[in-house]
Structures are given as structure tokens and as C-alpha cells.
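What follows is a single structure, written as C-alpha cells, with notes after it.
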Ligand code: SAH
Ligand code: SF4
Ligand code: F3S
């Protein structure tokens with residue numbers, strides 16, 4: 003049997019897309035391998051959100067040149083966000099002539115035929131569809147890679163054009179799937195035994211705005227929450243500019259919707275937020291946090307933060323530190339701003355890289371203090387944990403997440419994976435919690 007290997011970079015959206023690529027490859031008769039040496043096709047599913055993501059992928063594609071010489075009949079495909087940047091498709095072909103297929107983000111449906119062409123006729127192709135509004139294709143084949151959690155796309159693309167971000171340029175405009183299609187996939191996943199489903203979109207709060215049938219995110223959540231059964235729903239990402247009170251209310255009143263929200267703020271400085279085109283102020287953000295905490299007191303709130311954005315001065319950065327202290331995020335993803343060609347921020351005056359490095363260290367130290375303090379508050383409490391995996395290299399230990407999104411490690415057996423276990427927290431260490439199953 004022929005084998006495939008997929009190497010994935012980037013966000014959850016890409017991880018899920020790799021499951022769709024796997025679905026196509028398995029339909030074509032390939033079996034999965036993690037070992038490039040025994041693969042007959044290698045697919046790079048790329049990301050271009052920051053320079054290091056791109057460099058990483060480029061380096062690994064380049065490293066396959068010799069492999070391809072040893073395996074001349076094998077196929078190499080490069081897909082994902084990197085290919086869809088202006089002129090990147092042909093650029094990749096010139097830089098890596100040994101690559102067989104370069105495929106854009108909007109035309110995964112062409113992969114099957116491109117592989118047949120490469121396999122049977124040795125045809126090399128660059129297939130990039132520049133249309134930012136391609137139709138949504140339903141009934142895709144998905145070979146899910148992970149249990150017990152499943153991903154479910156509710157929408158594609160982004161309309162926000164934050165001035166630093168490449169995503170709207172490579173993922174096209176916002177396109178929402180019809181509520182009925184989402185609910186159908188959701189029910190199928192429950193029937194297949196997935197107890198946790200994460201709804202995916204670049205900005206889930208604007209779900210439905212492009213459909214002229216009155217659908218919106220709160221309404222979608224409401225319909226999902228009404229489905230009978232024991233399951234958990236997460237979603238990401240939320241844009242603070244349109245996280246509305248209806249969404250907070252429905253989470254507060256529905257036990258199946260996790261008390262956990264990822265709400266990227268990026269910066270605590272109004273001046274910088276404006277230059278980023280984020281379309282909210284720090285005050286508006288803090289109001290949303292208050293509204294969330296009033297209705298869902300234990301809600302785990304996580305965020306994304308960026309330092310070194312053009313024009314950022316020490317006082318702007320201090321505003322970011324101040325937000326970190328005020329909100330008490332349970333965790334934060336922190337990034338140094340990275341120039342993306344073709345975005346407005348690339349034309350703005352850049353911050354000294356050394357200053358940015360210094361700021362990120364200070365930011366991480368501050369967030370670590372907050373994370374540690376937040377973790378301590380869990381000690382002695384009993385949480386319902388969805389057991390997700392065994393802990394590698396620690397026999398007898400399993401791990402999972404609380405409703406609020408906390409990673410919990412405890413003594414257990416592999417048979418518990420996929421079940422909900424009450425765990426009493428005994429100690430915490432930075433973001434991790436350690437506990438023991440509560441006996442009834
Ligand atoms: N759609 C999501 C974010 C997708 S990108 C949202 O808006 O919440 C994930 C994170 O990467 C962003 O929140 C931002 O913090 C970071 N990011 C995006 N572009 C970046 C850039 N050019 N340099 C550094 N970080 C960036
Ligand atoms: Fe990028 Fe902003 Fe869209 Fe998120 S909302 S994907 S940061 S443009
Ligand atoms: Fe995700 Fe990277 Fe694309 S973060 S949407 S894979 S640019």
C-alpha cells in the first residue's frame with residue numbers, strides 16, 4: 003500500500019484542513035505514515051502568519067530535494083496559506099523545481115485530480131485560484147486525526163483586515179456555512195462518539211452576516227446547545243469588536259457550551275489598536291470582560307498579544323502590561339510583530355527588533371505571574387475533566403481539559419480517554435493543574 007505524510011504548520015484551521023487532505027489521500031488509497039522515508043507522497047500544509055512560520059516550512063521543503071532524488075516517483079505537494087500570497091505559487095515552483103503540486107487555499111477539491119496527474123503522467127501543476135469568494139463545498143472527506151476532540155468549520159475567510167495580518171489576503175472573504183449543514187455535521191460527530199467539538203472560524207462572532215437568512219452566532223450556539231446528550235462545545239476565535247451579549251448569555255445558560263473564551267486583544271494601547279485597525283478600545287474590551295465575568299464567573303479567558311507593532315512606544319507597551327494585570331488571562335499567546343508583505347503595517351515605521359525582544363520577555367514574565375496566580379485558585383476544587391490522552395513518558399498518568407480550558411494531569415488508565423472524570427486539584431504549576439480522581 004502506498005503511504006502519505008502530511009506536515010502541518012499554523013493554526014487549528016490548518017490542522018483541520020490537513021484532516022481534509024488526509025481524507026482525500028485515504029480515498030485515493032494511501033495510508034498514513036509519520037516517516038518521510040517510507041512515504042510515497044509528502045504534503046506540506048503551510049502557514050505564513052509570521053516570518054518564522056514561513057522560514058520553517060521553506061527550510062523543510064528545501065530539505066526534501068535529496069529525498070526526491072532518491073525517490074523519483076514520489077510526489078511532493080505544497081498547499082496552504084503560503085501558496086496563496088501574491089505571486090507565491092510560481093515563486094515556490096521556481097525555488098523548488100522538484101515540487102510536483104502547488105495548490106492554493108481555495109481549491110482543495112482539485113488535489114485529487116492533481117495527484118492523479120502527477121502519479122500517472124508526471125504532470126507538475128501550480129493551481130492557485132485568486133477568487134476571494136469561492137463557493138463553499140459541503141460533504142468533504144475528512145480523516146480525523148484526533149480523539150476525543152473534533153474540529154468543525156462554521157465559516158471561512160476574514161473581512162477584518164487588521165493592518166498587520168496576512169490572513170484576509172490568503173484566505174479570502176468571510177463565507178459562512180449554512181446552519182443546517184453545520185448542525186448536520188455536528189450530529190454526525192456526536193454519533194461517531196466525539197464528546198468535544200470545537201467550532202472554527204477566524205472571527206466566529208460574525209458568523210452568518212454574509213448569509214441573508216437571519217442566522218448569527220448566538221442563534222447557532224443556541225441550536226447546538228439544544229441538541230440532547232452529554233458533550234462539550236468550544237469555539238475560536240472571537241473578535242472583541244463583535245462578541246455580543248447574546249453570545250455571553252447563551253454560554254452562561256448552556257451547560258454544554260464551555261466556560262472558556264479566546265478573545266485576542268493584541269495590544270492594551272488605544273493608539274496602537276487604532277493603527278492595527280482593530281476597531282475597539284481598551285475600555286470597550288474591559289467592558290466585555292466585565293460582562294463575561296458577571297454572567298460566567300469562572301470563565302477561562304485567553305488572549306493573543308503582540309509587541310513591537312509599528313509606532314509602539316514604552317508607554318503603549320505599559321498599557322499592554324496593565325491590561326494583562328487587570329484581566330488576569332488564564333493564558334496568553336504572545337508574539338513579536340512580524341512584517342507581512344502587502345499589508346498596510348509593512349509601510350509603517352518599524353520598532354527596533356532589540357526593543358521588541360526586550361518587551362516580549364517582560365510581557366511573558368508578567369503573564370506567567372498571572373497564570374501562576376490563576377492556577378493557584380483551582381487548588382482544592384473539583385473539576386470535570388474530559389480525559390484526552392495518556393501522558394507520554396509518565397506511565398499511569400492521563401491528561402485532559404477542564405470546562406474552563408485548563409490542562410489537568412492525573413493518575414488514570416487509557417480506558418478513561420473520551421470520558422468525563424471528576425478530578426480534585428491538589429497542586430498547580432504555572433499553567434498546569436495536577437489532581438486525583440474524586441471517588442463517588
Ligand atoms: N483570527 C484570529 C487570529 C488569527 S492569527 C483573531 O483575529 O483572533 C493568530 C494571532 O497571530 C493573532 O491574534 C495575532 O496575535 C498574531 N499575528 C497575526 N499576524 C501577525 C503578524 N504579522 N506578526 C505577529 N503576530 C501576528
Ligand atoms: Fe487577521 Fe484580524 Fe482577521 Fe484575525 S481578525 S484573521 S488578526 S485580519
Ligand atoms: Fe492559520 Fe497561518 Fe493560515 S495561522 S489561517 S495557517 S496563515
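Residue numbers (the working numbering): 3 to 442. Note that CB positions come from ideal geometry on N, CA and C, so glycine has one too.
- For residue 389, the distance from the CB to the nearest heavy atom of the ligand F3S is not below 8 Å.
- Here the stretch 166-186 does not lie against the stretch 56-70, with fewer than 3 beta-carbon pairs under 8 Å apart.
- CA-to-CA, the gap between residue 157 and residue 41 works out to about 32 Å.
- Around the CB of residue 207, 16 or more other CB atoms lie within 10 Å, so the residue is classed as buried.
- For the alpha helix (DSSP H) assignment, the uninterrupted runs of no fewer than 4 residues enclosed by the stretch 236-301 are, from N- to C-terminal side, 247-255, 272-277, 284-297.
- Taking 9 Å as the cut-off, the beta carbon of residue 19 is found no closer than this to the beta carbon of residue 129.
- A distance criterion of 8 Å places the beta-carbon of residue 281 beyond contact range of the ligand SAH, judged by its closest non-hydrogen atom.
- Closest by C-alpha distance to residue 335, out of 309, 248, 346, is 309.
- If you draw a straight line from the Cα of residue 73 to the Cα of residue 145, it comes to about 26 Å.
- Contact check for residue 382 against residue 325 fails: the beta carbons are separated by 9 Å or more.
- For residue 16, the CB falls within less than 8 Å of some heavy atom of the ligand F3S.
- Close CB contacts of residue 212 within its chain, under the 7 Å cut and outside five residues either way in sequence, are with 176, 177, 178 (chain order).
- For secondary structure counted as the beta strand (DSSP E) over 3 or more consecutive residues, the stretch 322-381 holds these complete runs in sequence order: 333-338.
- DSSP, read as helix, strand or coil, puts residue 208 in helix.
- Here the alpha carbons of residue 101 and residue 68 stand approximately 12 Å from one another.
- For the 9 Å CB-CB criterion, residue 411 and residue 396 form a contact.
- DSSP places residue 391 in the uninterrupted beta strand (DSSP E) bounded by 384-392.
- Annotated three-state conformation of residue 438 is strand, per DSSP.
- Looking at the DSSP output, residue 7 sits in a beta bridge with 44.
- Taking 8 Å as the upper bound for CB-CB distance, residue 134 and residue 174 are in contact here, some 4 Å apart.
- Taking 9 Å as the cut-off, the Cβ atoms of residue 223 and residue 252 count as close.
- The ligand F3S approaches residue 50 closely enough that one of its heavy atoms is under 8 Å from the residue's Cβ.
- Listed in chain order, the non-local C-beta contacts of residue 98 below 6 Å within the same chain comprise 63, local neighbours out to five positions each way being set aside.
- Excluding sequence positions up to five before and after residue 142, its CB lies within less than 6 Å of the CB of 22, all in the same chain and listed in chain order.
- Here residue 178 is bridged, per DSSP, to 157.
- Between residue 5 and residue 29 a beta carbon distance of about 15 Å is seen, past the 8 Å cut, so the two are scored as non-contacting.
- Residue 404 carries a strand assignment under DSSP once its states are collapsed to helix, strand and coil.
- Residue range 127-129 is occupied by the beta strand (DSSP E) that includes residue 127, with no alpha helix (DSSP H) assigned at that position.
- Relative to residue 205, the option among 45, 365, 94, 246 whose CA is nearest is 246.
- Cβ contact annotation for residue 293 (same chain, cutoff 8 Å, sequence separation greater than five): 247, 250, in chain order.
- Judged by the Cβ position, residue 312 fails to qualify as a neighbour of the ligand SF4 at the 8 Å threshold, every heavy atom of the ligand being at least this far.
- A distance below 6 Å between beta-carbons, with the five flanking residues on each side excluded, links residue 122 to no residue of its chain.
- For the stretch 77-152, the continuous beta strand (DSSP E) assignments of 3+ residues that do not extend past its boundaries occur at 77-82, 103-105, 127-129, in sequence order.
- Only buried fits residue 203, as 16 or more other CB atoms lie within 10 angstroms of its CB.
- Relative to the ligand SAH, the beta carbon of residue 307 is positioned inside 8 Å of a heavy atom.
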